[in-house]
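K.L.:
In this note's numbering, the protein residues as written are -15 to 240. No residue lacks a Cβ here, since even glycine has one placed at the ideal position from N, Cα and C. Given the structure is predicted, the values throughout are model-derived calculations rather than measurements.
(1) Hey, could you find the ends of the alpha helix (DSSP H) residue 207 is sitting in?
(2) In chain order, what residues of the same chain lie with their CB nearer than 7 Å to the CB of residue 181, ignoring the 5 residues before and after it?
(3) How would you write the range of the alpha helix (DSSP H) that residue 298 sits in, first residue to last?
(4) Would you report the Cα separation of residue 275 and residue 94, rounded to the nearest angstrom?
(5) Could you tell me the alpha carbon to alpha carbon distance between residue 197 and residue 171, rounded to whole angstroms?
(6) Report the option in 92, 190, 149, 213 whose CA atom is closest to the CA atom of residue 69.
(7) Starting from the Cα of residue 149, find the closest Cα among 78, 90, 100 and give me that residue.
(8) How many Å lie between residue 211 and residue 65 at the Cα?
(9) Does residue 52 come out as helix, strand or coil in the three-state DSSP assignment?
(10) Can you tell me where the beta strand (DSSP E) with residue 45 in it begins and where it stops?
(11) How would you call residue 194, buried or exposed, if buried means at least 16 neighbouring beta carbons within 10 angstroms?
(12) Once DSSP output is grouped into helix, strand and coil, what is the label at residue 196?
(13) Quick check on DSSP: helix, strand or coil for residue 116?
(14) For the alpha helix (DSSP H) that residue 135 lies in, which residues bound it at each end?
(15) Name the two residues that bound the continuous alpha helix (DSSP H) containing residue 178.
(16) From the DSSP output, in three-state form, read off residue 99 for me.
(17) Evaluate residue 71 with the Cβ neighbour count: other Cβ atoms within 10 Å of its Cβ, from every protein chain shown; 16 or more gives buried, anything less gives exposed.
(18) Can you give me the C-alpha to C-alpha distance between residue 201 and residue 227, rounded to a whole angstrom?
(19) I'd like to check one pair, residue 108 with residue 177: are the Cβ atoms closer than 9 Å?
(20) Name the two residues that bound the continuous alpha helix (DSSP H) containing residue 145.
(21) Compare the Cα-Cα distances from residue 86 to each of 75, 102, 97, 189 and report the closest residue.
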(Lines of atoms letter the chains of each structure in order from A and count residues from 1; the text may use other names and numbers.)
(Lines give C-alpha, C1' and ligand atoms only; values in the text may rest on other atoms or scores of the structure.)
Protein backbone atom coordinates (compact mmCIF):
# COMPACT_ATOMS: atom_id res chain seq x y z
CA UNK A 1 0.00 0.00 0.00
CA UNK A 2 2.84 2.41 0.84
CA UNK A 3 4.43 1.79 -2.57
CA UNK A 4 1.07 2.38 -4.26
CA UNK A 5 0.50 5.69 -2.45
CA UNK A 6 4.06 6.83 -3.18
CA UNK A 7 3.72 5.87 -6.83
CA UNK A 8 0.50 7.87 -7.17
CA UNK A 9 2.12 10.87 -5.49
CA UNK A 10 5.12 10.71 -7.81
CA UNK A 11 2.85 10.32 -10.82
CA UNK A 12 0.77 13.35 -9.89
CA UNK A 13 3.88 15.47 -9.35
CA UNK A 14 5.29 14.28 -12.63
CA UNK A 15 2.19 15.21 -14.58
CA UNK A 16 2.22 18.62 -12.93
CA UNK A 17 5.80 19.53 -13.82
CA UNK A 18 6.75 17.65 -16.98
CA UNK A 19 4.53 17.46 -20.01
CA UNK A 20 6.94 17.45 -22.98
CA UNK A 21 9.13 14.33 -22.92
CA UNK A 22 11.57 13.36 -25.64
CA UNK A 23 10.68 10.69 -28.16
CA UNK A 24 13.20 7.86 -28.04
CA UNK A 25 14.54 5.78 -30.89
CA UNK A 26 12.97 7.77 -33.71
CA UNK A 27 14.95 8.45 -36.90
CA UNK A 28 15.70 11.93 -38.24
CA UNK A 29 13.56 13.94 -35.88
CA UNK A 30 13.73 17.02 -33.71
CA UNK A 31 12.71 15.70 -30.29
CA UNK A 32 11.21 17.73 -27.49
CA UNK A 33 13.34 17.95 -24.33
CA UNK A 34 12.01 15.79 -21.50
CA UNK A 35 12.86 18.47 -18.97
CA UNK A 36 11.67 21.91 -20.08
CA UNK A 37 14.07 24.79 -20.37
CA UNK A 38 11.77 27.28 -18.70
CA UNK A 39 11.99 27.75 -14.96
CA UNK A 40 9.57 26.04 -12.65
CA UNK A 41 7.48 28.31 -10.48
CA UNK A 42 9.44 29.12 -7.36
CA UNK A 43 12.80 28.12 -8.87
CA UNK A 44 15.70 30.52 -8.39
CA UNK A 45 16.48 32.71 -11.38
CA UNK A 46 20.06 31.47 -11.19
CA UNK A 47 20.63 27.85 -10.17
CA UNK A 48 22.80 27.24 -7.13
CA UNK A 49 26.03 25.72 -8.43
CA UNK A 50 28.96 25.65 -6.04
CA UNK A 51 32.56 24.83 -6.96
CA UNK A 52 31.67 23.35 -10.33
CA UNK A 53 35.29 23.57 -11.44
CA UNK A 54 36.24 20.91 -8.89
CA UNK A 55 33.60 18.56 -10.33
CA UNK A 56 35.04 18.91 -13.82
CA UNK A 57 38.63 18.41 -12.69
CA UNK A 58 40.88 16.77 -13.89
CA UNK A 59 38.73 17.30 -16.97
CA UNK A 60 37.78 13.65 -17.32
CA UNK A 61 34.38 12.17 -16.52
CA UNK A 62 33.39 8.54 -16.69
CA UNK A 63 30.24 7.37 -18.43
CA UNK A 64 29.53 3.64 -18.30
CA UNK A 65 33.19 3.06 -17.50
CA UNK A 66 34.36 5.06 -20.53
CA UNK A 67 36.39 8.22 -20.11
CA UNK A 68 34.90 11.41 -21.51
CA UNK A 69 37.65 13.96 -22.00
CA UNK A 70 36.61 17.51 -21.11
CA UNK A 71 39.87 19.20 -22.11
CA UNK A 72 38.27 20.74 -25.20
CA UNK A 73 36.69 23.98 -24.00
CA UNK A 74 33.66 23.52 -26.23
CA UNK A 75 32.81 20.32 -24.36
CA UNK A 76 33.08 22.11 -21.01
CA UNK A 77 30.80 24.87 -22.24
CA UNK A 78 28.18 22.37 -23.40
CA UNK A 79 28.27 20.50 -20.10
CA UNK A 80 28.01 23.68 -18.03
CA UNK A 81 24.98 24.72 -20.07
CA UNK A 82 23.20 21.47 -19.25
CA UNK A 83 24.19 21.65 -15.58
CA UNK A 84 22.64 25.12 -15.35
CA UNK A 85 19.45 23.96 -17.06
CA UNK A 86 19.00 20.66 -15.24
CA UNK A 87 19.88 21.96 -11.79
CA UNK A 88 16.66 24.00 -11.79
CA UNK A 89 14.73 20.74 -11.54
CA UNK A 90 17.14 18.70 -9.45
CA UNK A 91 15.14 18.76 -6.22
CA UNK A 92 12.01 17.39 -7.88
CA UNK A 93 13.97 14.77 -9.84
CA UNK A 94 15.79 13.60 -6.74
CA UNK A 95 12.51 13.04 -4.92
CA UNK A 96 11.19 10.95 -7.80
CA UNK A 97 14.43 8.98 -7.98
CA UNK A 98 13.84 7.81 -4.42
CA UNK A 99 11.00 5.69 -5.76
CA UNK A 100 12.18 4.67 -9.22
CA UNK A 101 15.91 4.08 -8.88
CA UNK A 102 15.55 1.11 -6.48
CA UNK A 103 13.32 -0.56 -9.08
CA UNK A 104 15.47 0.27 -12.09
CA UNK A 105 18.98 -0.37 -10.78
CA UNK A 106 18.66 -4.14 -10.14
CA UNK A 107 17.18 -4.66 -13.61
CA UNK A 108 20.06 -2.83 -15.27
CA UNK A 109 22.54 -4.85 -13.23
CA UNK A 110 20.85 -8.17 -14.00
CA UNK A 111 21.04 -7.39 -17.72
CA UNK A 112 24.68 -6.22 -17.57
CA UNK A 113 23.71 -2.69 -18.59
CA UNK A 114 25.80 0.07 -16.96
CA UNK A 115 24.11 1.78 -14.04
CA UNK A 116 24.67 5.18 -15.66
CA UNK A 117 21.79 4.51 -18.05
CA UNK A 118 19.35 5.35 -15.28
CA UNK A 119 20.37 8.96 -15.99
CA UNK A 120 19.23 8.51 -19.58
CA UNK A 121 15.82 7.66 -18.17
CA UNK A 122 15.95 10.86 -16.10
CA UNK A 123 16.33 13.09 -19.14
CA UNK A 124 13.98 11.06 -21.34
CA UNK A 125 10.90 11.31 -19.13
CA UNK A 126 11.81 13.50 -16.18
CA UNK A 127 11.04 10.33 -14.14
CA UNK A 128 7.40 10.70 -15.09
CA UNK A 129 6.00 7.14 -15.42
CA UNK A 130 3.08 8.35 -17.52
CA UNK A 131 4.96 10.84 -19.70
CA UNK A 132 3.54 10.99 -23.22
CA UNK A 133 5.16 12.96 -26.02
CA UNK A 134 3.38 14.70 -28.91
CA UNK A 135 4.91 12.04 -31.20
CA UNK A 136 3.48 9.19 -29.14
CA UNK A 137 6.46 8.07 -27.03
CA UNK A 138 5.28 6.85 -23.65
CA UNK A 139 6.50 5.91 -20.19
CA UNK A 140 9.70 6.28 -18.20
CA UNK A 141 11.81 5.14 -21.14
CA UNK A 142 9.78 7.02 -23.78
CA UNK A 143 9.34 4.10 -26.16
CA UNK A 144 7.70 4.71 -29.50
CA UNK A 145 5.04 2.09 -30.27
CA UNK A 146 6.94 0.30 -33.00
CA UNK A 147 10.19 0.16 -31.06
CA UNK A 148 8.38 -1.06 -27.95
CA UNK A 149 6.86 -3.94 -29.89
CA UNK A 150 10.18 -4.73 -31.56
CA UNK A 151 11.78 -5.16 -28.14
CA UNK A 152 9.08 -7.35 -26.69
CA UNK A 153 6.46 -5.06 -25.18
CA UNK A 154 2.76 -5.53 -25.73
CA UNK A 155 1.13 -2.39 -27.07
CA UNK A 156 -2.50 -2.63 -28.14
CA UNK A 157 -5.92 -1.25 -27.23
CA UNK A 158 -6.13 -3.30 -24.05
CA UNK A 159 -2.59 -3.24 -22.69
CA UNK A 160 0.33 -0.86 -23.09
CA UNK A 161 3.39 -2.29 -21.37
CA UNK A 162 5.33 0.91 -21.93
CA UNK A 163 3.62 2.00 -18.72
CA UNK A 164 4.90 -1.06 -16.84
CA UNK A 165 8.04 0.08 -15.03
CA UNK A 166 9.78 -3.28 -14.86
CA UNK A 167 8.80 -4.59 -18.30
CA UNK A 168 9.68 -1.34 -20.04
CA UNK A 169 13.05 -1.33 -18.29
CA UNK A 170 13.69 -4.87 -19.48
CA UNK A 171 12.87 -3.73 -23.02
CA UNK A 172 15.19 -0.75 -22.66
CA UNK A 173 17.96 -3.13 -21.62
CA UNK A 174 17.38 -5.21 -24.74
CA UNK A 175 17.55 -2.09 -26.88
CA UNK A 176 20.73 -0.85 -25.21
CA UNK A 177 22.45 -4.23 -25.48
CA UNK A 178 21.52 -4.53 -29.16
CA UNK A 179 22.95 -1.07 -29.81
CA UNK A 180 26.13 -1.88 -27.90
CA UNK A 181 26.61 -5.04 -29.94
CA UNK A 182 26.63 -2.77 -33.01
CA UNK A 183 28.70 0.17 -31.83
CA UNK A 184 30.87 -1.14 -28.94
CA UNK A 185 30.64 2.38 -27.53
CA UNK A 186 28.23 3.34 -24.75
CA UNK A 187 28.20 7.01 -25.77
CA UNK A 188 27.05 6.04 -29.26
CA UNK A 189 24.48 3.73 -27.67
CA UNK A 190 23.05 6.64 -25.67
CA UNK A 191 22.94 8.83 -28.77
CA UNK A 192 21.15 6.09 -30.70
CA UNK A 193 18.45 5.97 -28.04
CA UNK A 194 17.63 9.55 -28.90
CA UNK A 195 17.84 9.46 -32.69
CA UNK A 196 17.90 5.81 -33.75
CA UNK A 197 20.54 3.14 -34.31
CA UNK A 198 20.37 3.45 -38.08
CA UNK A 199 21.07 7.18 -38.04
CA UNK A 200 23.98 6.86 -35.61
CA UNK A 201 25.50 4.06 -37.65
CA UNK A 202 25.23 6.14 -40.82
CA UNK A 203 26.73 9.25 -39.22
CA UNK A 204 29.61 7.35 -37.61
CA UNK A 205 30.54 5.99 -41.02
CA UNK A 206 30.04 9.30 -42.81
CA UNK A 207 31.67 11.70 -40.36
CA UNK A 208 34.58 9.48 -39.24
CA UNK A 209 34.98 11.31 -35.91
CA UNK A 210 37.46 10.05 -33.33
CA UNK A 211 34.79 10.08 -30.61
CA UNK A 212 31.05 9.72 -31.10
CA UNK A 213 30.39 12.60 -28.70
CA UNK A 214 31.63 14.90 -31.50
CA UNK A 215 29.12 13.73 -34.10
CA UNK A 216 27.25 16.64 -35.67
CA UNK A 217 23.58 15.71 -35.36
CA UNK A 218 20.32 17.55 -34.69
CA UNK A 219 20.58 20.01 -31.81
CA UNK A 220 18.78 17.88 -29.24
CA UNK A 221 20.98 14.86 -29.93
CA UNK A 222 24.11 17.04 -29.88
CA UNK A 223 23.11 18.02 -26.35
CA UNK A 224 21.86 14.58 -25.33
CA UNK A 225 25.00 13.01 -23.87
CA UNK A 226 25.83 16.24 -22.04
CA UNK A 227 22.39 16.19 -20.42
CA UNK A 228 23.01 12.63 -19.25
CA UNK A 229 26.42 13.60 -17.86
CA UNK A 230 24.90 16.63 -16.13
CA UNK A 231 22.26 14.42 -14.53
CA UNK A 232 24.94 12.07 -13.22
CA UNK A 233 27.01 14.93 -11.83
CA UNK A 234 24.04 16.44 -10.00
CA UNK A 235 22.87 13.14 -8.52
CA UNK A 236 26.35 12.21 -7.34
CA UNK A 237 27.26 15.68 -6.04
CA UNK A 238 23.99 17.13 -4.69
CA UNK A 239 25.63 19.49 -2.20
CA UNK A 240 27.25 21.41 -5.06
CA UNK A 241 23.77 22.26 -6.31
CA UNK A 242 22.22 23.46 -3.09
CA UNK A 243 20.77 20.05 -2.21
CA UNK A 244 21.24 17.96 0.91
CA UNK A 245 22.84 14.53 0.71
CA UNK A 246 19.97 13.24 2.85
CA UNK A 247 17.49 13.99 0.05
CA UNK A 248 18.87 11.06 -1.93
CA UNK A 249 17.96 8.40 0.59
CA UNK A 250 16.79 5.79 -1.90
CA UNK A 251 19.80 3.49 -1.48
CA UNK A 252 18.52 2.72 2.02
CA UNK A 253 15.19 1.52 0.62
CA UNK A 254 14.69 -2.08 -0.39
CA UNK A 255 11.54 -3.32 -2.04
CA UNK A 256 9.90 -6.29 -0.35
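P.N.:
Here's the rundown:
(1) Where residue 207 is concerned, the enclosing alpha helix (DSSP H) stretches over 203 to 220.
(2) If we look at residue 181 and ignore the five residues flanking it on each side, its Cβ neighbours are 163, 166.
(3) Since the first and last residues shown for the chain are -15 and 240, residue 298 lies out of range.
(4) Because the chain spans -15 through 240 in this model, residue 275 falls outside it and cannot be assessed.
(5) Straight through space, the alpha carbons of residue 171 and residue 197 are spaced by roughly 7 Å.
(6) Looking only at 92, 190, 149, 213, the smallest Cα-Cα distance to residue 69 is reached by 213.
(7) Restricting attention to 78, 90, 100, the CA atom closest to the CA of residue 149 is found in 90.
(8) It is roughly 9 Å from the alpha-carbon of residue 211 to the alpha-carbon of residue 65.
(9) When DSSP states are grouped into helix, strand and coil, residue 52 belongs to the strand group.
(10) Following the DSSP letters along the chain, one finds residue 45 inside the beta strand (DSSP E) bounded by residues 44 to 47.
(11) Exposed is the call here.
(12) Helix, per DSSP.
(13) In the structure shown, residue 116 sits in a strand (DSSP, three-state: E or B).
(14) Neither: residue 135 is in no alpha helix (DSSP H) and is coded neither H nor E.
(15) Annotation: the continuous alpha helix (DSSP H) that includes residue 178 extends over 170 to 179.
(16) Note: residue 99 maps to helix in three-state DSSP.
(17) Residue 71 is buried by the Cβ-count criterion.
(18) Take the alpha-carbon of residue 201 and the one of residue 227: they are about 34 Å apart.
(19) Yes, Cβ-Cβ distance for residue 177 and residue 108 is below 9 Å.
(20) Neither: residue 145 is in no alpha helix (DSSP H) and is coded neither H nor E.
(21) Out of 75, 102, 97, 189, 102 has the C-alpha closest to the C-alpha of residue 86.
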